[in-house]
DNA sequence: TGTAATATGTCCACAAAGAAACAAAACACG
DNA sequence: CGTGTTTTGTTTCTTTGTGGACATATTACA
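The following block contains the structure:
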């Protein structure tokens, strides 16, 4: 069979039971995906994580930090740091609402909105490239199963 | 529709184009999977990453650090630290082979082998539980697509 | 053989992310 | 009202993982 096809690794090792482990496969796939992402789109001027935060704030103006953290499954402590960095970079604006002065409402600045306007298409385009090991149908099915696994709504018909 | 079904997050936010992003979905799914893993199996005495390293060494006696790092997609520098910890814990044994004295061959100690013997079944059992948002067929299909995405061989018929 | 290029693991400095304790505001409710 | 509890975000400390320079060993090859 396959002679020298580029694999995840050149050395064909025995993965044993890990091939049946969803967590292991998800971990590896995520790492592979990010690696490809950073290779092919050499920099939006921010990390993929930051990009998704900015995008979500754009989609949900006034969203609070904690809600963002919860939905992205990262800790509030870390979100604090990310938001501060995005604020320092001038992409995000923080507002303390009068009706609950503990919380922080987030919105994009003009600069942040412009950044999205310029780069969203490129981001979306990349995402549909995949790793070329799956065809379009398979990749769509993979995304569908992941959304279902995560109990997320179906993709925008947009 | 769905009233108050437990979702990834209680607050239904607008994910916008991220719902079509394979990388984003993989990231979230991996985090969700690990969270569930650590909740339901409160500790093998080591992290999931270490467990997979020990497992792979057991499956591939004499494997070298770099090969391990490459296949797990982590950096050699980090693998050095992990192996050192596993060695200190007495699970792994390092050998410098005579034919290439740069490299390090890894094997399980008796203690490491015993740890696998005791916990592998439990590990494997968990993995097939999934998140209960996918049925057996869907979860198997998800794993199959992930393996294909990663260009990994098909699951052991074991 | 000798010299350059490569492979392998390690060291050090740093970045990303989490854990736990904390402060301030909001809420519950006697 | 006042006091205890919960929510929200922050601070500090630790863990996990990366980046790049390095030392040593191996290989290529003139």
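Protein chains in written order, with the numbering used here: chain H, 1 to 158; chain F, 1001 to 1158. A virtual CB, placed ideally from N, CA and C, is assigned to each residue, including glycine. Since the structure is predicted, the reported quantities are computational estimates derived from the model, not experimental observations.
Secondary structure of residue 1143/F (DSSP, three-state): helix.
For residue 1147/F, the closest of 146/H, 17/H and 29/H by C-alpha to C-alpha distance is 29/H. Counted as a single uninterrupted DSSP element, the stretch harbouring residue 87/H is not any beta strand (DSSP E) but the alpha helix (DSSP H) occupying residues 76-88. For residue 59/H, the closest Cβ of chain F is nearer than 9 Å. If the five residues before and after residue 76/H are omitted, its C-beta is found closer than 8 Å to the C-beta atoms of 65, 66 and 69, all from its own chain and listed in chain order. If you look at residue 27/H, you'll find it in the alpha helix (DSSP H) that goes 22-40.
From the listed residues 21/H, 125/H and 15/H, the smallest Cα separation to residue 1123/F is found for 21/H. Contact note: residue 124/H reaches chain F through 1017, 1020 and 1021, using a C-beta cutoff of 9 Å and chain order. Rounded to whole angstroms, the separation of the alpha carbons of residue 105/H and residue 99/H is 11 Å. Its chain contains no residue whose beta carbon lies nearer than 6 Å to that of residue 1135/F once the 5 sequence neighbours on both sides are disregarded. Within its own chain, the residues whose Cβ lies closer than 8 Å to the Cβ of residue 37/H, once the five positions on either side in sequence are excluded, are 48 and 126, listed in chain order.
By the C-beta density criterion, residue 1033/F is buried, having at least 16 other C-beta atoms within 10 angstroms.
Of the candidates 23/H, 15/H and 83/H, the residue whose Cα lies closest to the Cα of residue 52/H is 83/H.
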